[in-house]
Amino acid sequence: MATHPDFQFDLTDWPSVADSLPQQVESQNNGDLQTQVQLLHAEVAVLQQCLRDSINLQKDMLDRLADQQSTIPQPALLASSTPYSLAQAPSKASRSVPVNATYSTAPIFAQPLTVDMNTTAKVLTSVLHQSRLEPPVFSADGSLNPEEWLQSLNVYRTSLDLTDAQILLELPRFLSKEPRKWFTILSTYVTTWAQFCEFFRTVFLPSDNQERILRSILDRVQMPDEPLPTFFAHMLGEFRKLKTPPPQQEQIDLIRKHVLEKYRVALYCTPIPSVMDLLLRAHELHAVLGPSVGCPPQTQAGSMPMRDVHCFKCSLPGFTTRTCPNCSPGIKPRSPPTQPPRVTGDTVNRPPDAGWMDGSNQAIGEGNVASDFAQKGNFRGGRMFKRGNPPSRRQMDLVYLMLP
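Numbering follows full-length UniProt numbering, with no gaps: position 65 of the sequence shown is 65.
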């Protein structure tokens, strides 16, 4: 390919021009500076011309490649058990010469992109996304909600940009048991994704499913610890489950009524024309009025709150079982933090009685004071001490006789 018909410049002249430049430079090496500058300008002009010719040649190749690709008819996708498979025409002779033999002699860059290459690219894209976007297998055994499974399948379809024919070919992989048998019988009548969704909801969803969804939307309110963007996303997902969702502005008004009071006041005077503006506004309000704002300061881990201490055995305030003077004999007694009641002389000089000297309930002197103080107060924890029987009439007469 010596000369291209679209170019005015002869490609065979490139080596001759390039070889002549060094000779000219050597002949004019001893010349003045102006001659050298002119030679450099000539060399730059030749290089620029070569670059332009190369770009034009590449454009011409791409145009011819596009023309050849547009003239080749592509067979339509047909239903089969394997996703993205193409129906092939039956060949009578396995060793027959292919009809289109131009691909074997043409260079690689001149071969057009076939349908098989497009199919391979789609399969690779599907494999890359299946690990995260593949919906679970639906078997109608109660483990999956039919409406939620249908929504996950719709997310899978939109994220991979699958057509109705492609998603219908992949549906048997996501169905098992009775739903798969049902779809096998129905596959000849279903041609679009909308038809499949309508038939699926009619068969696998209860008759009052739409009423249940609408009732759940009307009863749903934002919880105090629920983020505002999460609540908005949940409500919009519930609206999408309806067969005929309400208008967009009605959805926005209903969502604004069910948020917390602080968000409802902030959204009261704000015009929100679309759902996207509502979500953006939700993120802004959550950053300003979220649950983390206005929380009481947390106490330090080292500072423990003060609490009342009582003896577990005798309920004496200000002491524990180990430091209580009544329950631990080896501990030196000390006065409790609170002021005990005053004891009169009659109480101290009262003679001992068998009914009063009952174990550790009462004692003479300091122990008697501490025990009485522990019994009179309504203290937390410790044992419950019951008073003994009241003294008999004879004992009371003896006491009165001993008094002055």
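We treat Cβ as the ideally placed atom computed from N, Cα and C, and that holds for glycine.
Keep in mind it's a predicted model, so treat the numbers as computed, not measured.
| query | Buried or exposed: where does Gln251 fall if 16 or more other Cβ atoms within 10 Å of its Cβ makes it buried? | reply | The residue in question, Gln251, is buried, as its Cβ has 16 or more Cβ neighbours within 10 Å.
| Separation of Leu162 from Met235, as counted between CA atoms | Rounded to the nearest angstrom, the two C-alpha atoms are 26 Å apart.
| query | In whole angstroms, what separates the C-alpha of Ala287 from that of Arg256? | reply | Each residue's alpha carbon lies about 18 Å from the other.
| said: Need the endpoints of the alpha helix (DSSP H) that Thr184 sits in, please. | reply: Residues Lys177 to Leu186.
| Grouping DSSP H, G and I as helix and E and B as strand, with all else coil, what is Ala363? | Model confidence at Ala363 stands at a pLDDT of 39, short of 50, so the residue's coordinates are unreliable; what they give is reported in the following sentence. Of the three classes helix, strand and coil, the one that applies to Ala363 here is coil, per DSSP.
| Glu211 burial status per 10 Å Cβ neighbour count (16 or more: buried) | Looking at its Cβ environment, which holds fewer than 16 other Cβ atoms inside 10 Å, Glu211 is exposed.
| field | Rounded straight-line distance, which links the Cα of Arg240 to that of Ile55 | value | Cα to Cα, the separation comes out at about 52 Å.
| Closest by C-alpha distance to Pro229, when choosing among Val44, His283 and Lys243 | Just measuring C-alpha positions, the residue of Val44, His283 and Lys243 sitting nearest Pro229 is His283.
| query | Is the segment 178–189 close to the segment 133–143, with three or more CB pairs under 8 Å? | reply | Judged by Cβ distances under 8 Å, the segment 178–189 makes contact with the segment 133–143, as three or more pairs qualify.
| What's the call for His310, buried or exposed, on a 16-neighbour Cβ count within 10 Å? | By the Cβ neighbour-count rule, His310 is buried, with 16 or more other Cβ atoms within 10 Å of its own.
| task | With a cut-off of 8 Å on the beta carbons, I'd call Phe196 and Val203 a contact; round off their distance for me. | result | The Cβ separation is near 11 Å, so there is no contact.
| Inter-residue Cα distance where the pair is Ser274 and Met61 | For Ser274 and Met61, the distance between alpha carbons rounds to 48 Å.
| message | Distance check for Leu278 and Asp67, CA to CA, integer angstroms please. | response | One C-alpha to the other measures close to 48 Å.
| Under a Cβ-count criterion, where at least 16 other Cβ atoms within 10 Å of its own Cβ denotes burial, should Tyr268 be classed as buried or exposed? | By the 10 Å Cβ count, Tyr268 comes out exposed.
| message | Going by DSSP, what residue range makes up the alpha helix (DSSP H) through Ser159? | response | First-last of the alpha helix (DSSP H) with Ser159: Pro146 to Leu160.
| message | Given 7 Å as the limit, tell me if Pro135 has its C-beta closer than that to any heavy atom belonging to the ligand FAD. | response | The ligand FAD is not among the ligands present in this structure, which contains no ligands whatsoever.
| DSSP beta-bridge partners for Phe138? | Beta-bridge annotation (DSSP): Phe138 is paired with Leu175.
| message | Here's a check: name, in chain order, each residue in its chain whose Cβ is nearer than 6 Å to the Cβ of Pro245, leaving out the five neighbours to either side. | response | Listed in chain order, the non-local C-beta contacts of Pro245 below 6 Å within the same chain comprise Phe239, local neighbours out to five positions each way being set aside.
| What three-state label does DSSP hand Pro317 in the structure shown? | It is a strand residue.
| message | For Ile217, which residues in the same chain have their Cβ closer than 6 Å to its Cβ, ignoring the five residues on either side in sequence? | response | Listed in chain order, the non-local C-beta contacts of Ile217 below 6 Å within the same chain comprise Glu238, local neighbours out to five positions each way being set aside.
| Does the separation of the CB atoms of Ala266 and Leu242 fall below 8 Å? | The answer is no: Cβ separation not under 8 Å.
| task | Just tell me which of Thr188, Val155, Leu144 and Glu178 has its CA closest to the CA of Ala165. | result | Put simply, of Thr188, Val155, Leu144 and Glu178 the residue whose alpha carbon is nearest the alpha carbon of Ala165 is Thr188.
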